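Trainee:
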Ligand SMILES: [Zn+2]
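Following this line, the structure appears as C-alpha cells:
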C-alpha cells in the first residue's frame with residue numbers, strides 16, 4: 001500500500017537529488033569552459049612553434065569538450081524533467097529511472113541540435129590560433145566587418161565597478177544587471193539601490209533604472225571574468241582608464 005506520506009518522502013528525496021545532480025552538471029560545465037581557456041593558450045604557443053598537427057588535435061579536443069558540455073546541459077534538463085514528471089508506480093512495480101532518463105535524453109537530443117562548431121567558445125579558440133600568424137585579418141569565411149567587430153569584443157561591458165572604482169577582476173562579489181549588462185560590486189550596488197528606489201544604473205550615460213531582482217550574479221559572469229583574466233585583457237584595462245567616468249546619478 002503506497003501511502004501519501006511515503007510518496008511525498010520519495011518526492012522530497014528526488015527533489016534534493018535533482019538539485020544536487022543538476023548543480024554538479026553546472027559545475028562540470030564551468031570546469032569545461034575553464035579548461036577551454038587553457039587549451040586555447042596551449043594551442044597559441046604550439047601555433048607559434050608551427051606545430052600545426054598538434055594544434056589540429058587540440059581543435060578536435062575543443063569540439064569534443066563542447067559536445068560534452070552540451071550533453072551536460074541536456075542532462076541537467078533531463079534530471080529536472082524526470083523529477084517534475086515523477087509519479088509513484090503501481091504496487092509491486094519499480095520505477096526504472098535509467099529507461100526514463102534515456103528516453104527523455106534522446107527526445108531532448110533530437111529536438112536540440114548541438115553544433116559545437118558554432119559555439120562562441122570554439123570561435124574564440126579558432127580566432128586566437130588564427131591571430132598568431134594573421135593578426136588583423138578576418139578569418140576565412142568571416143570577412144564581414146560586423147561579425148569581426150562583435151566577436152573581438154569581450155562579453156564584459158564595463159571593466160570597473162562604477163561605485164567602488166574596483167576593476168572587475170578584483171570584485172569580491174560581482175553582480176550584473178540583466179537589462180543593461182553592467183557589472184558592479186554587490187554590496188555597493190545593493191546599498192545604492194536601497195538609498196534610491198528609482199536608481200539609475202551608475203555607469204555614466206546608462207539610462208537603465210535598476211531593479212533589485214534583476215541585478216544578479218548570473219552563472220556566466222564569474223566564468224566570463226575568469227576567461228577575461230586568463231586572456232589577459234590588457235587592452236581593455238588600458239581603455240578603461242580613458243573611460244573612467246564618475247556615475248553621478250543626481
Ligand atoms: Zn547600465
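Numbering (the UniProt record's numbering), first residue to last: 1 to 250. Just so you know, even glycine gets a beta-carbon here, dropped at the ideal spot from N, CA and C. All values reported here derive from a predicted model rather than from experimental measurement.
At what residues does the alpha helix (DSSP H) containing residue 259 begin and finish?
Mentor: The structure shown does not extend to residue 259, since the chain spans only 1 to 250, so no value can be given for it.
Trainee: Can you tell me whether residue 167 sits near ligand 1, meaning its C-beta is under 7 Å from at least one heavy atom of the ligand?
Mentor: no
Trainee: Is the distance from the Cβ of residue 18 to the Cβ of residue 80 below 8 Å?
Mentor: It is a contact, given that the beta carbons lie within the stated cut-off.
Trainee: With 16 other CB atoms within 10 Å as the buried threshold, where does residue 120 fall?
Mentor: Residue environment for residue 120: exposed (fewer than 16 other C-beta atoms within 10 angstroms of its C-beta).
Trainee: Grouping DSSP H, G and I as helix and E and B as strand, with all else coil, what is residue 251?
Mentor: The structure shown does not extend to residue 251, since the chain is modelled only from 1 to 250, so the question has no answer here.
Trainee: Using DSSP with H/G/I as helix, E/B as strand and the rest coil, what is residue 116?
Mentor: helix
Trainee: Starting from the Cα of residue 177, find the closest Cα among 157, 215, 191 and give me that residue.
Mentor: 215
Trainee: Give me the residue from 47, 107, 173 with the minimum Cα distance to residue 71.
Mentor: 107
Trainee: What is the residue span of the alpha helix (DSSP H) that residue 181 lies within?
Mentor: Where residue 181 is concerned, there is no enclosing alpha helix (DSSP H), given that its DSSP letter is neither H nor E.
Trainee: Tell me whether residue 215 sits in a helix, a strand or coil according to DSSP, three-state version.
Mentor: Reduced to three states, the DSSP call for residue 215 is strand.
Trainee: Can you give the beta carbon distance from residue 212 to residue 198, rounded, assuming they're within the 8 Å contact cut?
Mentor: Their Cβ separation, rounded to whole angstroms, is 12 Å, which puts residue 212 and residue 198 out of contact at 8 Å.
Trainee: Within the continuous alpha helix (DSSP H) that includes residue 199, where are the two ends?
Mentor: It is not in any alpha helix (DSSP H) - residue 199 carries neither H nor E in the DSSP assignment.
Trainee: What's the C-alpha gap between residue 36 and residue 11?
Mentor: 37 Å
Trainee: For residue 253 and residue 29, I'd like the C-alpha separation in whole angstroms.
Mentor: In the structure as shown, the chain starts at 1 and stops at 250, and residue 253 therefore has no counterpart that could be examined.
Trainee: Quick check: what's the CA-CA separation for residue 47 versus residue 34?
Mentor: 20 Å
Trainee: Taking Cβ positions, are residue 166 and residue 182 nearer each other than 8 Å?
Mentor: no
Trainee: With 16 as the cutoff for other CB atoms within 10 Å, does residue 94 come out buried or exposed?
Mentor: exposed
Trainee: Taking residue 205 as the reference, which of 186, 180, 194 has the closest Cα?
Mentor: 180
Trainee: Under the assumption that residue 44 contacts residue 132 (Cβ atoms under 8 Å), give the Cβ distance between them as a whole number of angstroms.
Mentor: 6 Å
Trainee: Go through its chain and collect everything with a Cβ distance to residue 153's Cβ below 7 Å, but skip five positions before and after it.
Mentor: Because the pLDDT of residue 153 is 40, which lies under 50, any placement of that residue in the model is unreliable, and the number read from its coordinates should be weighed accordingly. None.
Trainee: In three-state terms, what does DSSP make of residue 18?
Mentor: helix
Trainee: Around ligand 1, which residues pass a check of Cβ closer than 6 Å to any of its heavy atoms?
Mentor: A residue is listed when its beta-carbon falls short of 6 Å from at least one non-hydrogen atom of ligand 1; in chain order these are 177, 180, 182, 201, 203, 206, 208.
Trainee: Which of helix, strand or coil does DSSP assign to residue 186?
Mentor: Correct three-state label for residue 186: helix.
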